[in-house]
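Participant: Position 110, counted from 1, in the sequence shown is what the UniProt record's numbering calls 110; the numbers after and before it change by one each time, with no gaps. Just so it is clear, CB atoms sit at the ideal spot from N, CA and C, and this is done for glycine as well.
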Amino acid sequence: MSGSEDTIPVYVNYRDPYVEPKIKNALVESGIPLKFVDSKADAKLFWAQYEDIDFDKLYSDAGTMACSYVIRKALIRKEYLWNTVVYYLAKNPNSILKTAVPEAFSLELDYAEFLDDSLMESYELRQELENNEALEPQQRKWYILKPSMCDGAQGIRIFSTIEELQAIFDSFDEALSDEDEELNKSSCENEVENADTCTVNDRNPENKIVIHQIRHFLVQKYIANPLLLNNRKFHIRAYVLAVGGLSVYLFKEMLCLLARDEYKSPHVGSEINLYSQLSNTCIQGEAPREASVQAFWNSSIKNKEKIFDSLVQTLGDVFEAAATTQRIHFQPLNNSFEIFGVDFMVDEADQVHLLEVNAYPDFRQTGDELSGLVERLFKSVVHTAIVPFFDSKNKYETSSDLVLARELKMYGF
1 MSGSEDTIPV YVNYRDPYVE PKIKNALVES GIPLKFVDSK ADAKLFWAQY
51 EDIDFDKLYS DAGTMACSYV IRKALIRKEY LWNTVVYYLA KNPNSILKTA
101 VPEAFSLELD YAEFLDDSLM ESYELRQELE NNEALEPQQR KWYILKPSMC
151 DGAQGIRIFS TIEELQAIFD SFDEALSDED EELNKSSCEN EVENADTCTV
201 NDRNPENKIV IHQIRHFLVQ KYIANPLLLN NRKFHIRAYV LAVGGLSVYL
251 FKEMLCLLAR DEYKSPHVGS EINLYSQLSN TCIQGEAPRE ASVQAFWNSS
301 IKNKEKIFDS LVQTLGDVFE AAATTQRIHF QPLNNSFEIF GVDFMVDEAD
351 QVHLLEVNAY PDFRQTGDEL SGLVERLFKS VVHTAIVPFF DSKNKYETSS
401 DLVLARELKM YGF
C-alpha cells in the first residue's frame, strides 16, 4: 500500500468510549495491514481529537493522513457560515442556498449595555424588530439568537423585539460566577474542535453564556412552520464525509433529534419554553434517549426521498461555497478527511433549512439502540477515504451507504 504492503501505523485517540472501539473495529475489518501505535511520532494515520493530530507532519508528509482538515471555520462557525452563503449567492443567485439557509444578521458586542450600538450596525434587523413592536405577538417575525462559537445549545434564545433581546443579554451579564465563567469559556472559546459536544453543567442549568467571551452572535429568522414528529419539533442530523480536496458525500442513514416537549409557537403563552423549541439532546437532562432520537428512514415523515434529494443539493452547494469563496477560512487538504455533523430543519412545505455544520459531531447522541448506524458510518469512511489513500494502485468503489454530493478535487492544498 502506498506502493508496498507495509503495515500502516495508526494513532487512534478519540477520548470517547462510545466512539473509539467503533473506529478501531472499522479499521481492523477493512483488511488493510495496520497496527495501532501509542506514539504520534510513529503514526501514518491519525484518527484522533483535533489537538492530538500532528499537523506539521501532515503538511510535510503527503503519505500521512488525518481525520480532520486544519482550517474549516468557514463552515463550522455560525457567522462565517452565513458569510460564506452570502458571498456564494452573490455569484450564484439561483443556488438552492437562497431558500435553504434562513436569513441572518450578525451582532458583535462585549457587554449587554452595547447592544444598541451593535443594532446600529445591523440596521435591517433593528428596523424589523422595531416594526414588530406595533404588532400582536402572533403577527410578528420571530428570531433566534445563537452565540457563534458555542455548542450544546448554550445561549440560544428566541425573541421578537429589541426589549426582549435586551433582556436576554442583560440576563447573560448577570449569569455566572468567576468559576462558572471558566467552565463556559472552555466550552465556547475553542472555535475549531468539538463544536458539537455536550457541555451543559449543573451550575449553569439555564444554559447561559458570558458575552465578553463570545462577542460574536448570529440572529437567524425563526422558522415559524416547522414539520413536527409526535407533535414535537425536530431537526435532521446528517453525517457528511469530506475527502481530500474535495469530495463530499452524504451518509444515507440519518437521525431525527426531537425536542423534549410538545411544540408551541413562541407567541403562545407568557414565557418561551426552550424544551419545546430546541431539539438539541444536550439540554434534555435525564429524558430517555430513545424518546428523542429516531432513524430518519423509519420515521413517519412523508416525502423522505424529496427531502433527501434537497439535502444532497444543499450540502453540495454549501461545501462548494466554502471551497470557492472562502479559501482563507476553508482549506481542504489532499491527505485528510473529515466527518461533519450537519443539522437541518424541515418545514410543513418540505422545504429544507440548513441550521449549522459541526466538526467532530457528538456520536453518543445516537444512543445504544441505533449505535449500528455509527458503526456503518465508520466502515463507509474507511472504505471510501482511507483504503484508497493507502492503496492507490487499486481502484475502489465508493461505499454504497454514501451519496456523492459534490466533487471539487481541484481545490485541495
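Since I8 contacts L58 with CB under 8 Å, what's their CB separation in whole angstroms?
Facilitator: Their Cβ separation, rounded to whole angstroms, is 15 Å, which puts I8 and L58 out of contact at 8 Å.
Participant: Taking a contact to mean a Cβ-Cβ separation below 7 Å, would you say S30 touches V387 in this structure?
Facilitator: Going by C-beta atoms, S30 is nearer than 7 Å to V387.
Participant: Which full runs of the alpha helix (DSSP H) of 4+ residues lie inside the region 379–407, going along the chain?
Facilitator: Within the region 379–407, the complete alpha helix (DSSP H) runs of at least 4 residues are 387–390.
Participant: With distances taken between CB atoms, is the gap from K73 to H267 smaller than 7 Å?
Facilitator: Cβ distance not < 7 Å, so K73 and H267 don't count as in contact.
Participant: I'd like the ranges of any beta strand (DSSP E) spanning at least 3 consecutive residues and lying wholly in the region 69–151.
Facilitator: Within the region 69–151, the complete beta strand (DSSP E) runs of at least 3 residues are 104–108, 143–147.
Participant: Between which residues of its own chain and E191 is the CB-CB distance below 7 Å, once the five residues before and five after are set aside?
Facilitator: Bear in mind that the predicted position of E191 carries a pLDDT of just 44, short of 50, making it unreliable; the figure below should be weighed with that in mind. Only K73, R77, M149 meet the Cβ criterion.
Participant: Count the other CB atoms within 10 Å of the CB of H212; is the residue buried (16 or more) or exposed (fewer)?
Facilitator: With fewer than 16 Cβ atoms within 10 Å of its Cβ, H212 is classed as exposed.
Participant: I'd like to know if the region 295–313 and the region 262–278 are in contact, where contact means that at least 3 CB-CB pairs between them fall below 8 Å.
Facilitator: No, because fewer than three Cβ pairs between the region 295–313 and the region 262–278 fall closer than 8 Å, the two stretches do not touch.
Participant: How far does the beta strand (DSSP E) with H267 in it extend, from its first residue to its last?
Facilitator: That residue, H267, is in no beta strand (DSSP E); it is neither H nor E in DSSP.
Participant: Strictly by DSSP, which residues pair up with K233?
Facilitator: BP columns for K233 point to L228.
Participant: Can you tell me whether R376 is helix, strand or coil according to DSSP?
Facilitator: If DSSP states are grouped into helix, strand and coil, R376 belongs with the helices.
Participant: For E407, which residues of its own chain have a beta-carbon under 6 Å away from its beta-carbon, when the five flanking residues on both sides are left out?
Facilitator: Once the five neighbours on either side are set aside, the close Cβ partners of E407 are S247.
Participant: Is the number of C-beta pairs between the region 83–99 and the region 363–374 that are closer than 8 Å three or more?
Facilitator: These segments do not touch.
Participant: Look at the Cβ atom of F340, then the Cβ atom of V240, and state whether they are nearer than 7 Å.
Facilitator: Result yes, Cβ atoms of F340 and V240 sit closer than 7 Å.
Participant: At the level of alpha carbons, what is the spacing between A62 and F389?
Facilitator: Distance between the alpha carbons of A62 and F389 is about 10 Å.
Participant: Only counting the same chain, and skipping five residues up and downstream in sequence, which positions put a Cβ closer than 8 Å to that of P361?
Facilitator: For P361, where only same-chain residues beyond five positions count, the Cβ hits under 8 Å are D196, R237, Y239, I339, F340, G341.
Participant: Using the rule of at least 16 other Cβ atoms within 10 Å of the residue's Cβ for burial, across every protein chain shown, is K393 buried or exposed?
Facilitator: K393 should be labelled exposed.
Participant: Would you identify the three-state DSSP class for C282, choosing helix, strand or coil?
Facilitator: C282 falls in the helix class under three-state DSSP.
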